[in-house]
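Student: Okay, handing you the structure first.
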Amino acid sequence: RFPTGTPPPEPGARWLLFKIGSSIWGRQFLTLATSVALYRGVPAIYVNFMEYDVFAHGSGPASRRALRALRRVDGSIGQLARIVRRLPEPCPDLYILSDHGQVLTRLFTDVSGGHTIEHVVRRALRGEPIMTTDGPPVKRRSRAEDGWRRQWAGVRALARARALHRFVNYLEGDFTRWIWPGSVVPGEPASEESIRVVPAGPNAFVYFTDHPEPVLAEDLDARHPGVAEILSRHPGIGLVLLRSRVGAVCWYRGTRYVLDSGPVNGLFEGRADREVVLQGLRELMAMPSAGDLVLYGIDAAAGHVSFNPEHGAHAGPSEQELHTFILFPPGVALPNEPLTHPVQLYPHFTAYADGAA
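When we follow my numbering, the leftmost residue of the sequence shown carries the number 1321, and every step to the right adds one.
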């Protein structure tokens, strides 16, 4: 079952071609290539089956398409496991890992009056109401621009199959502005070169390009009073993260929190992995390349929201996205400490190359 709003695209000829390419050709090729490598005695093999992830983004993590893809991946893993059992001693150790989960999302445009996250952010920065049904002005396009858009429509048709959805979503607006300076993308406000809004699934990064260093919350509030609080009250926005002189801070539904490991103060209250979540958010905001404002659609008032047109998402702090698993042979001992970060597994796997027991 899907959230209220735009349903996933119906299967068609392009979807069938994409399914053949990603499901039959891609997965089968990876399975065959890995099988050959096992028989040849390659000392270490890493293979990533992405089929479920692709279908879960497009149709939702528990959709029929995604679950069918998951069963096909299970079949490929089973084939590799049978080959491992047939190999002479010492046979390889087989590990099965998930790198992240998926959460069912609804589209941001379904809860914002049809506006994108970029439009909402720009209105907030200009001090205008962010919940509005009026659309931005659309500039009349030239004949050359209309021709280019017809060509682009074919690429977007493929993107609707979720094969290139993230890549294409980033390009369309930028190409329009680069090729026709001053043009306006339908549904988008006019470009303001000092601000860039980069949506990435359930999160969006806002950059102030006129400032070489990350903008602190105190400076942002002086330039745009109360903008973080205003954005945090939008029904399609969950967390609003900023850097400040006291460390990383978070606005959540109109309340400001400091992302420290102190007493439970309402943010992620009741979660056993609260410290892991807070540490991950602190590490994110410690990265200079992260946005001056980082917006999450996860745990918004309207439910889990994605800023890109997808019905399944990850990269947020929800439990469905964070909790993963690792299956390993019974004779293998993993690091004793609680596994909370993938780098903890690096010494374990590099020990194989070093010839350690």
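Think of the CB as a built atom: it goes at the ideal place given N, C-alpha and C, for glycine as much as any other residue.
Applying the 10 Å Cβ sphere with the 16-neighbour rule, what's the burial state of M1605?
Tutor: buried
Student: Between R1591 and I1365, what straight-line distance do the alpha-carbon atoms span, to the nearest angstrom?
Tutor: 36 Å
Student: Can you tell me whether DSSP reads R1573 as helix, strand or coil?
Tutor: coil
Student: Is it a yes or a no for the region 1384-1397 touching the region 1429-1447, going by three-plus beta-carbon pairs under 8 Å?
Tutor: no
Student: Closest to D1413 by CA distance: which of L1358, L1390 and H1377 is it?
Tutor: L1358
Student: By how many angstroms is the C-alpha of L1647 removed from the C-alpha of Y1666?
Tutor: Linking Y1666 to L1647 through their CA atoms gives a straight-line distance of about 16 Å.
Student: Can you name the start and end residues of the beta strand (DSSP E) that L1551 belongs to?
Tutor: That residue, L1551, is in no beta strand (DSSP E); its alpha helix (DSSP H) goes V1547 to S1552.
Student: From the beta carbon of Y1616, is the nearest beta carbon of chain D less than 8 Å away?
Tutor: Protein chains in the displayed structure number just one, and chain D is not present.
Student: With 16 other CB atoms within 10 Å as the buried threshold, where does H1377 fall?
Tutor: It counts as buried.
Student: Consult DSSP for G1447 and reduce its assignment to one of helix, strand or coil.
Tutor: coil
Student: Tell me the rounded alpha-carbon separation between S1418 and P1545.
Tutor: The alpha-carbon of S1418 is positioned some 42 Å away from that of P1545.
Student: Mapping the DSSP letters down to three states, classify F1369 as helix, strand or coil.
Tutor: F1369 falls in the coil class under three-state DSSP.
Student: How many angstroms separate the CA atom of F1487 from the CA atom of G1521?
Tutor: With a pLDDT of 48 at F1487, under the threshold of 50, the predicted position of this residue should be treated as unreliable, though the coordinate-derived value follows. The straight-line gap from Cα to Cα measures roughly 11 Å.
Student: Does the region 1568-1575 touch the region 1546-1558, meaning 3 or more C-beta pairs lie closer than 8 Å?
Tutor: yes
Student: Would you call the CB atoms of L1579 and L1598 closer than 8 Å?
Tutor: Yes, these two residues count as a Cβ contact at 8 Å.
Student: Could you give the distance in angstroms between the alpha-carbon of R1692 and the alpha-carbon of G1421?
Tutor: Lying before the first or after the last residue shown, residue 1692 is absent from the chain, which here runs from 1321 to 1677.
Student: In terms of alpha-carbon separation, which member of A1635, E1595 and A1673 lies closest to F1525?
Tutor: Closest option to F1525, judged by alpha-carbon separation, among A1635, E1595 and A1673: A1635.
Student: With a Cβ-Cβ cutoff of 8 Å, do R1347 and F1375 count as a contact?
Tutor: no
Student: Less than 8 Å between C-beta atoms, sequence neighbours within five positions excluded: which residues of the same chain meet that for L1301?
Tutor: There is no way to answer for residue 1301, as the model of the chain reaches only from 1321 to 1677.
Student: Take P1608 and list the residues in its own chain whose beta-carbon comes closer than 7 Å to its own, dropping the five residues that flank it on each side.
Tutor: Residues P1534 of the same chain have their beta carbon placed closer than 7 Å to that of P1608, with the five preceding and five following residues left out of the count.
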